[in-house]
Amino acid sequence: MSTLERNETWEIVDRPKDKKAMGCRWIYTVKYKSDGTLDRYKARLVAKGSTQTYGIDYEKTFAPVAKMNIVRIILSLAAHLVG
Numbered sequence: 004m005s006t007l008e009r010n011e012t013w014e015i016v017d018r019p020k021d022k023k024a025m026g027c028r029w030i031y032t033v034k035y036k037s038d039g040t041l042d043r044y045k046a047r048l049v050a051k052g053s054t055q056t057y058g059i060d061y062e063k064t065f066a067p068v069a070k071m072n073i074v075r076i077i078l079s080l081a082a083h084l085v086g
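Residue numbers for the sequence shown follow my numbering, beginning at 4 and rising by one.
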């Protein structure tokens, strides 16, 4: 928490009077290296999305994810078409 505050990840603002605060929880994960040894501990704060109302609390949620294979293919196609 202190690191998130120090990095100014978010800022605290007043809640509108007609809204309720949405809950959140910490998710803890242990990451291991390919040989099975401990790599690091990871923690992230996630919102409890089940308390949201579609169209009121949010419009859409989207998390862009691209696999490295797709990025390589697009770059190779771009290099091939340009060159």
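Glycine included, C-beta positions come from ideal geometry on N, C-alpha and C. None of the values given here were measured: they were computed from a predicted structure.
- Just so you know, the alpha carbons of residue 24 and residue 15 end up roughly 12 angstroms apart.
- Going by DSSP, residue 47 is part of the beta strand (DSSP E) stretching over 41-50.
- Of the candidates 70, 43, 32 and 42, 32 places its Cα closest to the Cα of residue 49.
- Per DSSP, residue 85 is one residue of the alpha helix (DSSP H) stretching across 71-85.
- Distance from the Cα of residue 26 is smallest, within the candidate group 69, 76 and 51, for 51.
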